[in-house]
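Each residue of the sequence shown is one higher than the one before, starting from 0 at the first, in numbering that gives the first Met the number 0. Every residue gets a Cβ at the ideal spot worked out from N, C-alpha and C, and that includes glycine. The model shown is predicted, which means the values in this text are computed figures rather than measured ones.
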Amino acid sequence: MLLADRGYDADWIRELAMKKGAWANIPPKGNRTDPICFSPYLYRARNRVERFFNRIK
0 MLLADRGYDA
10 DWIRELAMKK
20 GAWANIPPKG
30 NRTDPICFSP
40 YLYRARNRVE
50 RFFNRIK
């Protein structure tokens, strides 16, 4: 599973993740026209881990 922020929402990144056998859970940018599969629940978990690492720095 690939968890990334909105800045990494690109078709080539999603295709590369799929080729590697991973599912990309990236929130869509505002200008994306085709619908994508995105789980806000999993994205919250990513955010929690990121905040933890920022706290221990």
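From what residue to what residue does the alpha helix (DSSP H) around residue i run?
| i | result |
| --- | --- |
| Tyr40 | Pro39 to Ile55 |
For residue i, I'd like the list of residues in its chain whose CB is within less than 7 Å of its CB, leaving aside the five on either flank, ordered along the chain.
| i | result |
| --- | --- |
| Ile55 | none |
Which residues does DSSP list as the beta-bridge partners of residue i?
| i | result |
| --- | --- |
| Leu15 | Per DSSP, none; premise fails for Leu15. |
| Asn24 | Leu2 |
Am I right that residue i and residue j are in contact with their C-beta atoms under 8 Å? What's the rounded C-beta distance?
| i | j | result |
| --- | --- | --- |
| Tyr42 | Pro26 | 6 Å |
Within the same chain, show all residues whose beta-carbon is closer than 6 Å to that of residue i, passing over the 5 residues directly before and after it, in chain order.
| i | result |
| --- | --- |
| Trp22 | Met0 |
Given residue i, which residues of its chain have a CB within under 8 Å of its CB, disregarding the five upstream and five downstream residues?
| i | result |
| --- | --- |
| Ala16 | Leu1, Trp22 and Ala23 |
| Lys28 | Arg5 and Asp8 |
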